[in-house]
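Engineer: I have a structure here, written as structure tokens, and I will follow up with some questions on it.
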Amino acid sequence: MFNDQVGKRSNKVKNVVERGAVKKFAEAIGDLHPIYFDEETGRNSRYQNNIAPPTFPRTFDYGVIEGLNLPNKGLIHGEQTFHYERPLVVGEEILCYSEVKKYFEKKGNFGEMGFLIVENFGEDAAGNMIFSSTSTVVISEAVRKVLTK
Amino acid sequence: MSTLTQLKAGESVQEIQLEPVSRIDLIKYAGASGDFNPIHTIDEEAKRAGLPGIIAHGMWTMGNLAKLFTPYYEVGFVKDYSIRFKGMVFLNDVITLKATLKEVNEPSLRFEVQALNQNGNEVLKGEVLFAQY
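Those protein sequences? They're chains G and W, same order as listed.
Position one of the first sequence corresponds to residue 3 (the numbering used here), numbered consecutively onward.
Position one of the second sequence corresponds to residue 3 (the numbering used here), numbered consecutively onward.
Next up, the structure:
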């Protein structure tokens, strides 16, 4: 039922790797290492600044994919990947967007399950890819029935 | 801090055992990540979704696991991080984070990573490719 969404992209949205957001995020994952928030540690590092944890892009706004209506309940996060060219640096601006990569259905223990793979991208101002990530979302038959109503 | 690069294939990074998962952990993660799906914070919503109680965000556990590599920021970075969520994490679960070096392919170190609960069941499993500078 999501087959017609494959290939669709969102508009690009400007995100900032905000100092306060990075610290809060690092705290929330129990990884309050000084490289994420202490300015002196950042300055003295090879990055000459603080960096963000690898899963921080979860907090970014990736824009809206027109016509992709996912419920905010009943979804199961099945798989997640991140790919980096380099760590994200505090204060930098990243242009983010997402694309519907793939959709397929498979028979599982709870009936026919739908698998939706969405890829997210983050580019610097010059258009260089800094990171990409994929999320595999599992949608149960029951949830899909509600969606088609 | 260079212990990561001194590991041989088959050897593991010092594992980390987390404090029992608390509701405030998940409320904090909801706020920091912007993922306010109520099955992670509100009992009634979790029950309505057919769960015995609230469960941790998969991304909370995945985020926690990455800290095994944080101390080595001067020698390299996490280039690829892929995870399959295998089981649910409930309140008061005690999660252990592990990483074992599988392969050295200079400048990359390939680790198998996992998170286990107090019963030894895998809740999350995957790979980290750590690229050395």
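All C-beta atoms, glycine included, are put in the ideal place defined by N, C-alpha and C.
Which residues does DSSP list as the beta-bridge partners of residue 37 (chain G)?
Structural biologist: The partner list for residue 37 (chain G) (beta bridge, DSSP) is empty, contrary to what the question assumes.
Engineer: May I ask which residues mark the beginning and end of the beta strand (DSSP E) holding residue 60 (chain G)?
Structural biologist: It is not in any beta strand (DSSP E) - residue 60 (chain G) carries neither H nor E in the DSSP assignment.
Engineer: Does any residue of chain G bring its CB to less than 8 Å from the CB of residue 25 (chain W)?
Structural biologist: The beta carbon of residue 25 (chain W) sits no closer than 8 Å to any beta carbon of chain G.
Engineer: Please decide whether residue 81 (chain G) counts as near chain W, where near means a Cβ-Cβ distance under 8 Å.
Structural biologist: yes
Engineer: Take the Cβ of residue 69 (chain G) as the centre, count every other Cβ of all protein chains shown within 10 Å, and call the residue buried at 16 or more, exposed below.
Structural biologist: exposed
Engineer: Please identify the residue among G:78, G:88, G:107 and G:83 whose C-alpha is closest to the C-alpha of residue 130 (chain G).
Structural biologist: Nearest C-alpha to residue 130 (chain G) among G:78, G:88, G:107 and G:83: G:88.
Engineer: Residue 112 (chain W) versus chain G: which residues are under 9 Å apart at the beta carbon?
Structural biologist: Within chain G, no residue comes near residue 112 (chain W); the closest Cβ sits about 14 Å away, beyond 9 Å.
Engineer: Exposed or buried, what is residue 115 (chain G) when buried is set at 16 or more other beta-carbons lying within 10 Å of its beta-carbon?
Structural biologist: buried
Engineer: Note down, in chain order, each residue of its chain lying with its Cβ closer than 6 Å to the Cβ of residue 87 (chain W), except the 5 sequence neighbours on either side.
Structural biologist: 60 and 126
Engineer: Would you say residue 72 (chain W) reaches chain G, if we count a Cβ-Cβ gap shorter than 8 Å as a contact?
Structural biologist: Residue 72 (chain W) counts as touching chain G.
Engineer: Of all Cβ atoms in chain W, is any one closer than 8 Å to the Cβ of residue 33 (chain G)?
Structural biologist: yes
Engineer: Could you give the DSSP three-state label for residue 34 (chain W): helix, strand or coil?
Structural biologist: helix
Engineer: Do residue 106 (chain W) and residue 11 (chain W) have their CB atoms nearer than 8 Å?
Structural biologist: yes
Engineer: Which value, in whole angstroms, describes the spacing of the CA atoms of residue 126 (chain G) and residue 54 (chain W)?
Structural biologist: 43 Å
Engineer: So, is the C-beta of residue 48 (chain G) closer than 8 Å to a C-beta in chain W?
Structural biologist: yes
Engineer: With a Cβ-Cβ cutoff of 8 Å, do residue 7 (chain W) and residue 134 (chain W) count as a contact?
Structural biologist: For residue 7 (chain W) and residue 134 (chain W), yes; Cβs fall inside 8 Å.
Engineer: Can you list, in chain order, the residues of the region 94-106 of chain G whose Cβ is nearer than 8 Å to any Cβ on chain W?
Structural biologist: none
Engineer: Are the C-beta of residue 68 (chain G) and some C-beta of chain A separated by less than 8 Å?
Structural biologist: Included in the structure are the protein chains G and W, with no chain A among them.
Engineer: Quick check on residue 50 (chain W): buried or exposed, where buried means 16 or more other Cβ atoms within 10 Å of its Cβ?
Structural biologist: It counts as exposed.
Engineer: So residue 113 (chain W) packs on residue 92 (chain W), CB below 8 Å; how close in whole Å?
Structural biologist: Their Cβ separation, rounded to whole angstroms, is 26 Å, which puts residue 113 (chain W) and residue 92 (chain W) out of contact at 8 Å.
Engineer: Could you tell me whether any Cβ in chain W is nearer than 8 Å to the Cβ of residue 19 (chain G)?
Structural biologist: no
Engineer: Can you name, in chain order, every residue of its own chain whose Cβ lies under 8 Å from the Cβ of residue 57 (chain W), other than the five neighbours on each side?
Structural biologist: 41, 42, 48, 90, 91 and 92
Engineer: Rounded to whole angstroms, what's the CA-CA distance from residue 49 (chain G) to residue 55 (chain G)? Just pull it up for me.
Structural biologist: Roughly 14 Å separates the two Cα atoms.
Engineer: Residue 27 (chain G) touches chain W at which residues, Cβ-Cβ below 9 Å?
Structural biologist: 31, 34, 35 and 65
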